[in-house]
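Chemist: Count along the sequence shown starting at 1, add 27, and that's the number in the working numbering.
Ideal Cβ placement from N, Cα and C applies to all residues, glycine included.
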Amino acid sequence: MGKLSRNKGASFERFVADQFRAEGFELAKRGLGQARSASEVPDVQGVPGYWIECKHQRHVRIPAAYEQASKARTVAFLSDEANGESVPVVVSRDNRRPELATLSLSDFLAIASRLRDLEARNACLLGPVPSAGGKGAA
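1) In the DSSP assignment, what residue or residues form a beta bridge with V116?
2) Counting Cβ pairs closer than 8 angstroms, one from the segment 142–154 and one from the segment 113–133, do we hit at least three?
3) For F52, collect the residues of the same chain with a Cβ closer than 7 angstroms to its Cβ; drop the 5 residues on either side in sequence, then sort them by chain order.
4) By a C-beta neighbour count over all protein chains shown, 10 Å radius and 16 as the cutoff for buried, is P90 buried or exposed?
5) Sort out for me which residues DSSP pairs A128 with in a bridge.
6) Quick one: Cα of K56 to Cα of R48, how far?
7) On the DSSP letters alone, give me the boundaries of the alpha helix (DSSP H) that H31 sits inside.
8) On the three-state DSSP scale, how would you describe V87?
9) Alpha carbon to alpha carbon, what distance is there between W78 and R100?
10) Which residue or residues does DSSP assign as beta-bridge partners of Q95?
11) Within 7 angstroms (strictly less), CB to CB, does V87 reach chain D?
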């Protein structure tokens with residue numbers, strides 16, 4: 028990999044970490060193990076429960092990137108690191124395209140189910156939400 032490609036990848040990893048920090052993940056940062064071995068740490072650390080693999084290329088090969096994230100997470104699990112229990116997510120951007128986040132359908136459904144259950148629990152605790160139209164709106 029050439030220096031420009033490495034710089035482009037590192038810049039994208041910092042961008043993704045910045046996006047997570049902007050959403051309240053204060054500990055999100057570019058993985059420090061990048062200079063040593065890609066399987067040691069995720070590209071973005073500090074997002075509990077997720078193994079973030081970042082790819083910014085002319086054309087990102089999503090299946091290969093997802094496989095890399097899954098294998099790296101498995102290696103971390105076998106070495107008893109907490110990241111081994113994380114959901115692998117590929118954050119990618121093809122040149123001149125928006126960023127995408129890719130994860131397995133089973134992981135997405137598990138997250139959606141947890142969110143639905145949390146919303147239902149909160150609705151029970153908070154009671155009904157008032158309608159936007161206020162009194163008399165039908």
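Modeler: A quick look at the data gives this:
1) I79
2) no
3) G73 and V74
4) exposed
5) V118
6) 8 angstroms
7) Correcting the residue type first, residue 31 is Leu in the shown sequence and not His. That run of the alpha helix (DSSP H) goes K30 to A49.
8) coil
9) 7 angstroms
10) Bridge partners of Q95: none, in fact.
11) No chain D appears in the structure shown, which is made up of a single protein chain.
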